[in-house]
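Chemist: Going down the list, the sequences are from chains A and B. Under this note's numbering, the first residue of the first sequence carries the number -13, and numbering increases by one thereafter. Under this note's numbering, the first residue of the second sequence carries the number 8, and numbering increases by one thereafter. Where a beta carbon is used, it is the ideal one built from N, C-alpha and C, also for glycine. Treat the numbers as computed from the prediction; the structure is a model and nothing was measured. Okay, handing you the structure first.
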Amino acid sequence: MAQDKDTIHHKIEKNVVLMFILVLITVSIGGMVQILPLFTIESTIEKVDGMRPYSPLELAGWNIYVREGCYLCHSQQIRPFRDEVERYGHYSLAAESMYDHPFQWGSKRTGPDLARVGGKYSNEWHTAHLVNPRAVVPESVMPTYQWMKSRPLKFDDVQDHMKTLNFISGKKPIYTPEMIANAKADLAMQINPEGDASGLLKRYPKAVVANFTGEQGVTEMDALIAYLQMLGTLVNFTDVKPEQLRQ
Amino acid sequence: MAKQEKDPVSGVETTGHEWDGIKELNNPVPRWWLYIFYVCCAWSLVYWVLYPAWPMGTWHTAGILGWTQRVEVEQKIADAKKAQSGFTDRIASSSLDDIRKAPDLLNFALAGGKAAFGVNCVPCHGAGGQGNPGFPNLADDKWLWGGTLADIYTTIKHGIRATDDAETRPGVAMPAWATDSAPAKLTAAQISDVADYVLSLSTKTADAAGATRGAPIFAENCAACHGDKAQGNQDMGAPALSDGIWLYGGDKKTLVETISKGRAGVMPSWTKRLDDPTIKQLAVYVHELGGGK
């Protein structure tokens, strides 16, 4: 086998620096093929109507969702399989996560997927369920969150959260200056069903306006339920043709 | 570089590496392995042509088969719908009563209704439809909004006090008698008395004196919705209070809370989430749970 000595294979295998460089190039090609298209291919985020930034109260609820680690047991990603679509509804679109930084797809379903939970249950159910999941679902292993029901929501920094999202979202800001200026009023308006919510609904169409928990003032549970009741409701799938989503 | 050395037994050159006296022979990779490797390379070329593969900047090679997972799931759902259409088409065109009378349709509706109930209704109404505090029992023969097939169908389709459905059953929301000024405001003592009166209609453990004082308060304030004899009113969703069946709980503490704060249960409208044959199957299934009228 002495004649193999001068083959490329031999040279690479016996020169650690050359081998390292070539491995790096090979692995980078794999990485680039998988990652770069997400930034350049225009069909990655579907062009569908209805997606809007989260209202200030929903955003506060999103922050609580992340804080409590809900994504550890609940996914927000209905995969394009028949069984999932028949159970949870239309498969999730990339567009539906476009305002999540970071996305809340999750990777594990100890509890059910939440991508289309909005409107599926009443506010009363969500309150009863968050206070004690066993009160309505006896076999549930979800922790209780009863303290959230009366804990006042800290929202004096909601505008900073919105500005931060604008900062990290890349080229196009998520929130307009008008949205940021009205943030605190919009937040309070969303739990006041008696008030005039037209401004809120103009800025954030389909936002659910209700006193979610029935408690006085804005509580953390109000924010979380407002977020949950919005999930999966923004895109109107009756107007979406399947061809639009094929990619 | 390690020095070149031939293994005296096989005559094969060693790699020059030695571990505890054991030397590695520099044999070529096995032929079978090599051929599988070549087959894999060839397969990847075929795959690139047939399936989505290479990103090209702002677009990607779609492959000549035009396959995407989204098209596949569309097709699978369409196939499943077609396979079931023998039943679902007939369910769509039949009245609820006719579905119930045709044994094969009834079987299909019960099976389909059970599946849809498990996914959508169980979190509130319980696995057997037995209900939860605030969420009615569907397996008994008492109904808040009516227990005929048509009533159940309407309730499922449009919900109860569902804010996103114009055809929902609005009913009458029970006022918070402790705080609302209209129609009337009751004092804590009055609320306690009327709670005793309501309790006395179904149990004998109520405070008799309080119940006597509560009777006229009930007649004046509560009977308009709940009825003179507290028999309830399904048009308003006002429950009967005399049958010992309680939606929120039948102890005095819960009753006082109910009267003080009011109640207005909400059921979502399912018309956007479920198609009409599924709602019909659900109506038949719920009707068969035990209490259908």
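Cβ of D187(B) less than 8 Å from any chain A Cβ?
Modeler: For the purposes of this step, residue 187(B) is identified with residue 180 of the second sequence, where counting begins at 1. No, D187(B) lies away from the interface with chain A (no Cβ there is under 8 Å from its Cβ).
Chemist: For the segment 80 to 90 of chain A against the segment 166 to 182 of chain A, do three or more pairs of beta-carbon atoms, one drawn from each stretch, fall closer than 8 Å, so that the two count as touching?
Modeler: No, the segment 80 to 90 of chain A does not touch the segment 166 to 182 of chain A.
Chemist: Measure the alpha-carbon distance for L248(B) versus G256(B) and round it to whole angstroms.
Modeler: Here residue 248(B) refers to the residue found at position 241 when the second sequence is read from its first residue. Here residue 256(B) refers to the residue found at position 249 when the second sequence is read from its first residue. Looking at the two C-alpha atoms, the distance is approximately 11 Å.
Chemist: Within a Cβ cutoff of 6 Å, which residues of the same chain sit near G221(B), ignoring the five residues on either side of it in sequence?
Modeler: By 1-based counting over the second sequence, the position of residue 221(B) is 214. If we look at G221(B) and ignore the five residues flanking it on each side, its Cβ neighbours are D200, V201, D203, Y204.
Chemist: Keeping to the same chain, check which residues put their C-beta closer than 6 Å to that of V204(A); ignore five residues upstream and five downstream.
Modeler: For the purposes of this step, residue 204(A) is taken as residue 218 along the first sequence, with counting starting at 1. Here the set comprises L139, I177.
Chemist: Specify the secondary structure class of E54(A) as computed by DSSP and reduced to three states.
Modeler: Taking the first sequence and counting its residues from 1, the one referred to as residue 54(A) is at position 68. Coil.
Chemist: Which of the residues in the segment 143 to 157 of chain A, read from start to end, lie with their CB under 8 Å from any CB of chain B?
Modeler: For the segment 143 to 157 of chain A, which is checked against every Cβ of chain B, not one residue is closer than 8 Å.
Chemist: Just to confirm my understanding: we take M(-13)(A), look at its own chain, exclude 5 residues before and 5 after, and list those with CB closer than 8 Å. What are they?
Modeler: Counting from one through the first sequence, the residue named residue -13(A) turns up at place 1. For M(-13)(A), the pLDDT reaches just 44, beneath the cut-off of 50, and the residue's location in the model is therefore unreliable, although a value from the coordinates is still provided. Excluding sequence neighbours, M(-13)(A) sits near nothing in its chain.
Chemist: Let me check one thing: in DSSP terms, what residues is F124(B) bridge-paired to?
Modeler: Sequence index remark: in the second sequence, residue 124(B) carries index 117 (1-based). Per DSSP, none; premise fails for F124(B).
Chemist: Only counting the same chain, and skipping five residues up and downstream in sequence, which positions put a Cβ closer than 6 Å to that of G36(A)?
Modeler: As a first step, residue 36(A) is located in the first sequence; it is residue number 50 there, counting from the start. If we look at G36(A) and ignore the five residues flanking it on each side, its Cβ neighbours are L220, V221, N222.
Chemist: Closer than 6 Å by C-beta to A213(B): which residues in its own chain qualify, once you throw out the five before and the five after it? Chain order, please.
Modeler: For this step, residue 213(B) is matched to residue 206 along the second sequence. Closer than 6 Å at the Cβ level, and outside the excluded window around A213(B), lie D203, L206, S207.
Chemist: Give every residue of the same chain whose Cβ lies closer than 6 Å to the Cβ of Q230(A), excluding the five residues on either side of it in the sequence, and list them in chain order.
Modeler: Locating residue 230(A) in the first sequence gives position 244, where the first residue counts as 1. So the list is empty, once near-sequence residues are dropped.
Chemist: Please check the pair V193(A) and L187(A), which I expect to be a contact at CB under 8 Å, by giving their CB distance rounded to whole angstroms.
Modeler: Stepping through the first sequence from its first residue, residue 193(A) is reached at position 207. Stepping through the first sequence from its first residue, residue 187(A) is reached at position 201. In the sequence on display, residue 193(A) carries Ala and not Val. Right, their Cβ atoms sit about 6 Å apart.
Chemist: Can N228(B) and P190(B) be called in contact, C-beta distance under 8 Å?
Modeler: Numbered from 1 along the second sequence, position 221 holds the residue referred to as residue 228(B). Numbered from 1 along the second sequence, position 183 holds the residue referred to as residue 190(B). For N228(B) and P190(B), yes; Cβs fall inside 8 Å.
Chemist: Starting from the beta carbon of L22(A), find every residue of chain B whose beta carbon is closer than 8 Å, and list them in chain order.
Modeler: Taking the first residue of the first sequence as position 1, residue 22(A) is located at position 36. Near L22(A) (Cβ distances below 8 Å), the residues of chain B are P62.
Chemist: Less than 8 Å between CB atoms is the rule here; does H24(B) satisfy it with respect to chain A?
Modeler: To locate residue 24(B), count along the second sequence from 1; it is residue 17. Not closer than 8 Å to any Cβ of chain A, the Cβ of H24(B) fails to qualify, so no.
Chemist: So if I threshold CB-CB distances at 7 Å, which residues from the segment 33 to 60 of chain A count as touching chain B?
Modeler: The segment 33 to 60 of chain A vs chain B, Cβ under 7 Å: nothing.
Chemist: Kindly give me the distance between the Cβ atoms of N144(B) and G136(B), rounded to whole angstroms, as I take these residues to be in contact under 8 Å.
Modeler: As a working mapping, residue 144(B) is identified with position 137 in the second sequence. As a working mapping, residue 136(B) is identified with position 129 in the second sequence. Yes, they are in contact, since the Cβ atoms of N144(B) and G136(B) sit about 7 Å apart, within 8 Å.
Chemist: Select from E44(A), E32(A), R137(A) the residue whose C-alpha is nearest the C-alpha of E201(A).
Modeler: As a working note, residue 201(A) is residue 215 in the first sequence. Among E44(A), E32(A), R137(A), the Cα nearest to that of E201(A) is on R137(A).
Chemist: Could you have a look at G23(B) and say whether DSSP puts it in helix, strand or coil?
Modeler: As a position in the second sequence, residue 23(B) is number 16, starting the count at 1. Looking at G23(B) - three-state DSSP - the assignment turns out to be strand.
Chemist: Here's the rule: buried if 16 or more other CB atoms are within 10 angstroms of the residue's CB, otherwise exposed. What is L58(A)?
Modeler: Walking along the first sequence from the start, residue 58(A) turns up at place 72. By the neighbour-count rule (16 or more Cβ atoms within 10 Å), L58(A) is not buried but exposed.
Chemist: Output, in sequence order along the chain, the residues in the segment 167 to 198 of chain B whose CB is closer than 7 Å to any CB in chain E.
Modeler: Considering every chain present, this structure includes no chain E. Its protein chains are A and B.
Chemist: Secondary structure at K13(B), three-state DSSP: helix, strand or coil?
Modeler: Your numbering for residue 13(B) matches position 6 in the second sequence. Note: K13(B) maps to strand in three-state DSSP.
Chemist: In the structure shown, what three-state DSSP assignment does R176(B) receive?
Modeler: Counted from its first residue, the second sequence places residue 176(B) at position 169. Of the three classes helix, strand and coil, the one that applies to R176(B) here is strand, per DSSP.
Chemist: Using a Cβ-Cβ cutoff of less than 8 Å, which residues in the same chain neighbour L24(A) once the five nearest sequence positions on both sides are dropped?
Modeler: Here residue 24(A) refers to the residue found at position 38 of the first sequence. T30, listed in sequence order.
Chemist: For E31(B), name the three-state secondary structure that DSSP assigns.
Modeler: Position 24 of the second sequence, counted from the first residue, corresponds to residue 31(B). DSSP places E31(B) in strand when its eight states are reduced to three.
Chemist: Between the segment 96 to 115 of chain B and chain A, which residues of the former have CB atoms less than 7 Å from a CB of the latter, in chain order?
Modeler: So nothing in the stretch comes that close.
Chemist: Out of G185(A), Y131(A), E206(A), which one is the CA nearest neighbour of F141(A)?
Modeler: Translated into the one-based positions of the first sequence, residue 141(A) becomes position 155. Ranking G185(A), Y131(A), E206(A) by Cα distance to F141(A) puts E206(A) first.
Chemist: Determine contact between the segment 45 to 62 of chain A and the segment 94 to 110 of chain B, defined as no fewer than three beta-carbon pairs at a distance below 8 Å.
Modeler: At 8 Å Cβ cutoff, the stretches do not touch.
Chemist: Does the structure place the segment 9 to 22 of chain A close enough to the segment 157 to 167 of chain A that three or more beta carbon pairs sit under 8 Å?
Modeler: At 8 Å Cβ cutoff, the stretches do not touch.
Chemist: A226(B) by DSSP, collapsed to three states: which one?
Modeler: Along the second sequence, one-based indexing puts residue 226(B) at 219. Helix at A226(B).
Chemist: Of all Cβ atoms in chain B, is any one closer than 8 Å to the Cβ of L231(A)?
Modeler: Translated into positions along the first sequence, residue 231(A) becomes position 245. Yes, because at least one Cβ of chain B sits closer than 8 Å to the Cβ of L231(A).
Chemist: Out of G156(A), Q90(A), T26(A), L10(A), state which residue places its alpha-carbon closest to the alpha-carbon of V52(A).
Modeler: Walking along the first sequence from the start, residue 52(A) turns up at place 66. The candidate whose alpha carbon is nearest that of V52(A) is Q90(A).
Chemist: Rounded to a whole number of angstroms, what is the C-alpha to C-alpha distance between A271(B) and A180(B)?
Modeler: The sequence position of residue 271(B) within the second sequence is 264, counting from 1. The sequence position of residue 180(B) within the second sequence is 173, counting from 1. So the alpha carbons of these two residues sit roughly 5 Å apart.
Chemist: Can you give the Cα-Cα distance for V19(B) and R38(B), rounded to whole angstroms?
Modeler: Along the second sequence, read from residue 1 onward, the residue named residue 19(B) stands at position 12. Along the second sequence, read from residue 1 onward, the residue named residue 38(B) stands at position 31. Between V19(B) and R38(B), the C-alpha separation is close to 17 Å.
Chemist: Residues of chain B with a CB under 7 Å from the CB of I27(A): which are they?
Modeler: Your numbering for residue 27(A) matches position 41 in the first sequence. Going along chain B in sequence order, the residues near I27(A) (Cβ under 7 Å) are P62, T65, W66, H67.
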